[in-house]
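Numbering (our numbering), first residue to last: 31 to 512.
Beneath this line is the structure, given in structure tokens, with notes to follow.
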């Protein structure tokens, strides 16, 4: 009796697959006596224990019958499927999508082509989204997690989120962002991405219209498109969203980053904020306010959120701990109007029942004990120093060859290469990479990119000294392309 091992994985696993395949394909008939374990081990050049383990597994799964003193036999026909369907060996990513949702996901997103991914082989990278390294935070968080693990109930958490974390969020928002909310208004989610996905599920049917800023955070647009929304854009200038360019046929949802527009860095002016709220109220539209890093301003106190001006209940406010702490935490929150509360809770329940209770409990205690505020102060000081170092270096080497869009906030800068096309910008990025410097284009954050070379420079993960070295390499590229 001949069996072919496929060379994948353990010998035991290979033998199990070979025997199963022979039985299911009908090459070994029901009732056939299999070779003795010693004989099959010798023929295959494997240990007898390998064969014994394979036979035992197949008996447990119902493929074989073991008869004392007689051997192992293929199980009766009623327990077998005599033929197996032929598997089609589709190359990765090319098999037919099964649903409209899956087809849209393939059309609008590819997990290996996300902008801002780490660049291998470079010494310094102006990568956006990488947090400030803070050993004090790491130690404090480890203590909070340990305490929370010991005292948190092992049962499923409330879908809406632990009450103590929702209370802590309300207190924080009232003091830092001017948002007055009750714990009943807050829904704890797994970061901004889930917040947007839940919003799409609650507010948008396939074919509904939604608007994002231009430029914008690409992940928000992609989530809406995958959900089936028709996504349009409205331009941003130095005063934020151009509200007079909002469409006459109002969209169901308008997504904005008013406190620190991403990626341009613009701050939405008060007249624009009031105009946007009025538009939403008159047209029965909803506003998704993504306040991703509004805590970090370097010329004044953080500005009050758009949600603080909303008297009509049209703003869904999104906050995240990814930027202020670290992205791997995967915790954020929504402040939702009372009219949408139950719908959001239902959508969250359908998604995952509720976010991790241990992390929620740890974060609630970290906020309540003042650790979170101390961390924010340290981080703001560090970011201010790094931003100043980057600005000084760029201004010194720029010599009229770059334009800096200084937002006076956040964890990144936008830099335009004067007189360069988008293609020339890509060549500039490749040259920088050859020198060991990682740069990132701004084009992926546009639905319709301008033919202009722009860079998004994240500075949170580089020390002041590293920023100095990175700017030196940047200057070398500028000299070469002058």
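Virtual Cβ for every residue (Gly too), placed ideally from N, Cα, C.
Predicted model only: the values in this text are computed from it and were never measured.
For residue i, report the span of its alpha helix (DSSP H) as first-last.
{"i": "residue 415", "result": "401–428"}
{"i": "residue 496", "result": "494–510"}
{"i": "residue 372", "result": "371–382"}
{"i": "residue 39", "result": "Careful: residue 39 lies outside any alpha helix (DSSP H) and carries neither H nor E."}
{"i": "residue 464", "result": "452–464"}
{"i": "residue 250", "result": "248–257"}
{"i": "residue 273", "result": "Segment: none, residue 273 is in no alpha helix (DSSP H) and carries neither H nor E."}
{"i": "residue 308", "result": "300–313"}
{"i": "residue 516", "result": "Look at the range of the chain in this structure, 31 to 512, and you will see that residue 516 is not part of it."}
{"i": "residue 201", "result": "193–206"}
{"i": "residue 130", "result": "130–138"}
So, for residue i: in the same chain, excluding its five sequence neighbours on each side, which residues have a beta-carbon less than 6 Å away from its beta-carbon?
{"i": "residue 83", "result": "42"}
{"i": "residue 112", "result": "For residue 112, the predicted model reports a pLDDT of 48, less than 50, meaning its position is unreliable; a value from the coordinates is still stated below. Same-chain partners within the cutoff: 56."}
{"i": "residue 312", "result": "none"}
{"i": "residue 405", "result": "167"}
{"i": "residue 297", "result": "none"}
{"i": "residue 269", "result": "299 and 302"}
{"i": "residue 368", "result": "none"}
Among the options, whose alpha-carbon lies nearest the alpha-carbon of residue i?
{"i": "residue 337", "options": "328, 324 and 329", "result": "324"}
{"i": "residue 164", "options": "355, 425, 209 and 314", "result": "355"}
{"i": "residue 249", "options": "445, 289 and 227", "result": "227"}
{"i": "residue 88", "options": "47, 58 and 457", "result": "47"}
{"i": "residue 287", "options": "271, 410, 179 and 217", "result": "271"}
{"i": "residue 254", "options": "135, 201, 211 and 360", "result": "135"}
{"i": "residue 100", "options": "65, 81 and 126", "result": "65"}
{"i": "residue 387", "options": "50, 179 and 335", "result": "179"}
{"i": "residue 341", "options": "246, 214 and 303", "result": "303"}
{"i": "residue 370", "options": "474, 91 and 190", "result": "190"}
{"i": "residue 177", "options": "429, 403 and 389", "result": "389"}
{"i": "residue 162", "options": "352, 367 and 92", "result": "352"}
{"i": "residue 246", "options": "373, 410 and 486", "result": "486"}
{"i": "residue 372", "options": "471, 214, 426 and 70", "result": "214"}
{"i": "residue 156", "options": "492, 506, 510 and 512", "result": "492"}
{"i": "residue 105", "options": "50, 71 and 128", "result": "50"}
The beta strand (DSSP E) with residue i in it runs from where to where?
{"i": "residue 265", "result": "260–267"}
{"i": "residue 363", "result": "362–365"}
{"i": "residue 177", "result": "Premise fails: residue 177 lies in the alpha helix (DSSP H), 165–181, not in any beta strand (DSSP E)."}
{"i": "residue 438", "result": "Element bounds for residue 438: n/a, residue is neither H nor E."}
{"i": "residue 95", "result": "94–97"}
{"i": "residue 217", "result": "216–219"}
{"i": "residue 241", "result": "239–244"}
{"i": "residue 22", "result": "This structure leaves residue 22 out entirely; the chain is present only between 31 and 512."}
{"i": "residue 347", "result": "345–350"}
Is it right to say residue i is buried, meaning 16 or more other beta carbons lie within 10 angstroms of its own, or is it exposed?
{"i": "residue 77", "result": "exposed"}
{"i": "residue 399", "result": "exposed"}
{"i": "residue 508", "result": "buried"}
{"i": "residue 310", "result": "buried"}
{"i": "residue 484", "result": "buried"}
{"i": "residue 144", "result": "exposed"}
{"i": "residue 395", "result": "buried"}
{"i": "residue 275", "result": "exposed"}
{"i": "residue 316", "result": "buried"}
{"i": "residue 114", "result": "Caution applies to residue 114, whose pLDDT of 48 falls short of 50 and renders its modelled position unreliable; the model cannot decide the point."}
{"i": "residue 102", "result": "buried"}
{"i": "residue 468", "result": "buried"}
{"i": "residue 59", "result": "exposed"}
{"i": "residue 281", "result": "buried"}
{"i": "residue 209", "result": "buried"}
{"i": "residue 344", "result": "buried"}
{"i": "residue 513", "result": "As shown, the chain starts at 31 and ends at 512. That puts residue 513 outside it, with no answer to give."}
{"i": "residue 32", "result": "exposed"}
Rounded C-beta distance between residue i and residue j? I'm assuming under 8 Å.
{"i": "residue 305", "j": "residue 273", "result": "4 Å"}
{"i": "residue 504", "j": "residue 417", "result": "In fact, because the Cβ distance is near 15 Å, the residues do not count as touching under 8 Å."}
{"i": "residue 391", "j": "residue 167", "result": "Between residue 167 and residue 391 the Cβ distance is about 17 Å, and since that is not below 8 Å, they are no contact."}
{"i": "residue 229", "j": "residue 242", "result": "In fact, because the Cβ distance is near 12 Å, the residues do not count as touching under 8 Å."}
{"i": "residue 541", "j": "residue 438", "result": "Any answer about residue 541 is impossible in this case: the structure gives the chain only from 31 up to 512."}
{"i": "residue 447", "j": "residue 432", "result": "6 Å"}
{"i": "residue 45", "j": "residue 80", "result": "6 Å"}
{"i": "residue 496", "j": "residue 154", "result": "6 Å"}
{"i": "residue 170", "j": "residue 423", "result": "That pair is no contact at about 32 Å."}
Spatial neighbours of residue i within its chain, please: CB distance less than 7 Å, with the 5 preceding and 5 following residues excluded, ordered by chain position.
{"i": "residue 348", "result": "222, 225, 318, 319, 320, 321, 362 and 364"}
{"i": "residue 440", "result": "290, 295, 323 and 326"}
{"i": "residue 188", "result": "384"}
{"i": "residue 463", "result": "149 and 152"}
{"i": "residue 261", "result": "240, 242, 251, 254 and 255"}
{"i": "residue 219", "result": "225, 228, 362, 363, 364, 378 and 385"}
For residue i, I'd like the list of residues in its chain whose CB is within less than 8 Å of its CB, leaving aside the five on either flank, ordered along the chain.
{"i": "residue 236", "result": "130, 257, 258 and 259"}
{"i": "residue 181", "result": "391"}
{"i": "residue 244", "result": "263, 264, 265, 266, 476, 477 and 478"}
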